Amino acid sequence: MLKAFILAIRPKQWVKNILIFAALIFDRKIGDLDAVLSTVAGAVLFSLVSSAVYLINDLSDVEADRLHEKKKHRPIASGALPVPAAWAGAVLLLLIALPLGFLLSPWFCALCVGYFVLNVSYSMWLKHIALLDVLFLASFYVIRVVAGVTIIEVERFSPWLYIATTFLALLMGIGKRRAELLKNSGNGDTRKVLASYTLAYLDNLLLIVLTITIVTYSLYTFSAPNLPENHVTMLTIPFVIYGVFRYLYLLQVEGTGEAPEEIVLTDRPFQINLVLWGLAILLIFYFF
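Just so we're aligned: the sequence shown equals residues 1383 to 1670 in the numbering used here.
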């Protein structure tokens, strides 16, 4: 049961919480030990909250998951993790994360609560409404960035990063729906909202959002207040262009993308590009 519980809380999904470090990195606070430790603590606590959300999501989707080719093997859907144990685990994770989050920052705790409530609302109702489903999916990523800002004392964090994160998250949310629609094979019980979409419509949305993602990030590289005056940050734009192009390639050519976070963990070209972008950001922010 312990192994099933660990699988159910989806540790692989914690990679999304790296967004909490955005404030630390982009506000040039890596040299501040207190800020680093606070951000690490925030990422851990947010991971516990998100794991509680995953448990509740699986509990609410258990019947649909049992009809899905892959999801039927999930711990709760397969019966490896009993429903009462899953509920108890979700409550325990929240009882640990929220009080400690409040001690870290009341605003951080409020965002954790908001994230939890929005996710429950999404699981129960919002994921069945076309367009709102992907908009709320994107909001979960933006909340992570905002959560990172509440943990440390931020001085010059650019609002362009919020906008770029929003559209990047929309890109992944729309891509996720496209991959699900492509693999749906006519089973309407897997995700009802898929009946409201077509591949052509989602592809059009992808192109629009992809373009805006590149534009907003580009605007950030020469308009943020804490960047080098010689605009050397613009040299990171090609990495972002390649990253979103690679994601589109994986969606439309390779037919992957049902779980966007797995691309970060498995696609080597995407990983190399992400590492190079990160190194470029660190070099520019801390050595120029």
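Heads up, the beta-carbon is just placed ideally off N, CA and C, and yes, glycines get one too.
From a predicted model like this one, the values you see are computed outputs, not experimental measurements.
Own chain residues within Cβ distance below 6 Å of residue i, not counting five before or after
i	result
Trp1396	Ser1429
Asp1571	Note that Asp1571 scores 47 on pLDDT, short of 50, meaning its location in the model is unreliable; the coordinates nonetheless yield the value given after this. So the list reads Ala1446 and Leu1449, once near-sequence residues are dropped.
Ala1561	Gly1639 and Glu1640
Leu1519	Gly1555
Ile1482	A small correction: the amino acid at residue 1482 is Leu; Ile does not occupy that position in the sequence shown. Correct list, in chain order: Leu1427.
Asn1501	Val1435
Residues of its chain near residue i, where Cβ-Cβ distance is below 8 Å and the 5 sequence neighbours each way are ignored
i	result
Val1646	Val1397, Phe1652, Gln1653 and Leu1656
Asn1612	Phe1670
Ile1388	none
Val1444	Ile1458, Ala1459 and Val1465
Lys1454	Asp1447, Arg1448 and Ser1460
Asn1399	Ala1425, Phe1428, Ser1429, Ser1432 and Arg1526
Leu1581	Arg1560, Leu1563 and Leu1564
Cβ-Cβ distance between residue i and residue j below 8 Å
i	j	result
Arg1559	Val1516	yes
Cys1494	Ala1470	no
Ile1666	Val1614	yes
Leu1563	Leu1588	no
Leu1427	Val1527	no
Ala1529	Phe1490	yes
Ala1606	Trp1542	yes
Thr1593	Ile1663	no
Leu1476	Val1431	yes
Gly1557	Leu1661	no
Lys1509	Val1575	yes
Rounded distance between the beta-carbons of residue j and residue i, thought under 8 Å
i	j	result
Ile1525	Gly1555	In fact, because the Cβ distance is near 14 Å, the residues do not count as touching under 8 Å.
Ser1505	Asn1439	5 Å
Ser1420	Ile1533	5 Å
Ile1458	Ala1468	5 Å
Residue i versus the options, residue with shortest Cα-Cα distance
i	options	result
Pro1642	Ser1487, Leu1406 and Leu1550	Leu1550
Ser1503	Ser1442, Arg1573 and Ala1577	Ser1442
Leu1658	Leu1630, Tyr1624, Gly1639 and Leu1632	Tyr1624
Asn1586	Leu1630, Asn1566, Ala1468 and Leu1475	Leu1630
Ser1521	Val1575, Tyr1544 and Glu1535	Tyr1544
Asn1608	Tyr1523, Tyr1668, Ser1460 and Leu1474	Tyr1668
Thr1548	Tyr1523, Gly1557, Asn1566 and Tyr1579	Tyr1523
Leu1485	Lys1509, Val1635, Ala1423 and Val1591	Ala1423
Cβ neighbours of residue i in the same chain (closer than 7 Å, five flanking residues each side left out)
i	result
Ala1546	Thr1595, Thr1598, Tyr1599 and Tyr1602
Phe1539	Ala1405, Phe1408, Asp1409 and Val1531
Ile1391	Ser1433, Tyr1436 and Leu1437
Pro1393	none
Glu1537	Asp1409
Leu1463	Met1383, Ala1386, Phe1387, Ala1390 and Pro1457
Arg1628	Pro1651, Phe1652 and Asn1655
Ala1417	Leu1406, Lys1411 and Ile1534
| message | Runs of 4 residues minimum, wholly inside the stretch 1412-1491: which ones carry the alpha helix (DSSP H) assignment? | response | For the stretch 1412-1491, whole alpha helix (DSSP H) runs of length 4 or above, ordered along the chain, are 1415-1442, 1444-1447, 1457-1460 and 1465-1486.
Ranges of the alpha helix (DSSP H) found wholly within the stretch 1484-1568, counting only runs of at least 4: Counting only runs of 4+ residues, the alpha helix (DSSP H) found wholly inside the stretch 1484-1568 occupies 1488-1506, 1514-1533 and 1541-1564, in chain order.
Please list the segments of the alpha helix (DSSP H) lying wholly inside the stretch 1583-1662, counting only runs of 4 or more residues, in order along the chain. The stretch 1583-1662 is shown to contain whole alpha helix (DSSP H) runs of 4 or more residues at 1619-1634 and 1642-1648, in chain order.
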